[in-house]
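S.K.: Going by the working numbering, the sequence shown opens with residue 27, and the numbers climb by one from there. Note that beta-carbon positions come from the ideal geometry of N, C-alpha and C, so glycine has one too.
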Amino acid sequence: MPIYNRADPALWFIMCECTFASSCLKLITESVTKFNYAVSGLPPEIASLVRNILTNPDKTDPYNHLKAGLLNRSSES
27 MPIYNRADPA LWFIMCECTF ASSCLKLITE SVTKFNYAVS GLPPEIASLV
77 RNILTNPDKT DPYNHLKAGL LNRSSES
């Protein structure tokens with residue numbers, strides 16, 4: 027996973043999605059798998075911004091819920 031880009035979270039998500047698409051073993055397409063990979067790439071201080079999403083992930087589309095929450099909260103700071 028790419029290193030989190032605090033200055034441009036939207037670009038970081040684009041880079042994550044490129045990683046998912048170019049995975050050498052198999053394409054990463056499931057939302058829960060994308061969520062897990064994205065969470066593993068978050069620095070602790072950024073993860074704390076979306077703590078509620080991480081502790082109670084959306085059941086149907088956790089990745090896009092995380093993405094929306096992080097982009098929204100990052101733009102507030």
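#1: With distances taken between CB atoms, is the gap from S57 to N78 smaller than 8 Å?
#2: Answer with buried or exposed for A64, where buried requires no fewer than 16 other C-beta atoms within 10 angstroms of its C-beta.
#3: Between Y30 and the rest of its own chain, which residues show a CB-CB distance below 8 Å, the 5 nearest in sequence each way excluded?
#4: Would you mind reading off the limits of the alpha helix (DSSP H) that contains A64?
#5: For S101 and T59, I'd like the C-alpha separation in whole angstroms.
M.R.: Judging by the given coordinates:
#1: Along the sequence shown, read from residue 1 onward, the residue named residue 57 stands at position 31. Along the sequence shown, read from residue 1 onward, the residue named residue 78 stands at position 52. Contact flag unset, no.
#2: Position 38 of the sequence shown, counted from the start, is the residue given in the question as residue 64. By the neighbour-count rule (16 or more Cβ atoms within 10 Å), A64 is buried.
#3: As a working mapping, residue 30 is identified with position 4 in the sequence shown. The residues are W38, G67, L68, P69, I72.
#4: Sequence index remark: in the sequence shown, residue 64 carries index 38 (1-based). Taken as a continuous stretch (DSSP letters only), the alpha helix (DSSP H) holding A64 covers 57-66.
#5: Within the sequence shown, the letter at position 75 stands for residue 101. Within the sequence shown, the letter at position 33 stands for residue 59. Taking the straight line joining both Cα atoms gives about 25 Å.
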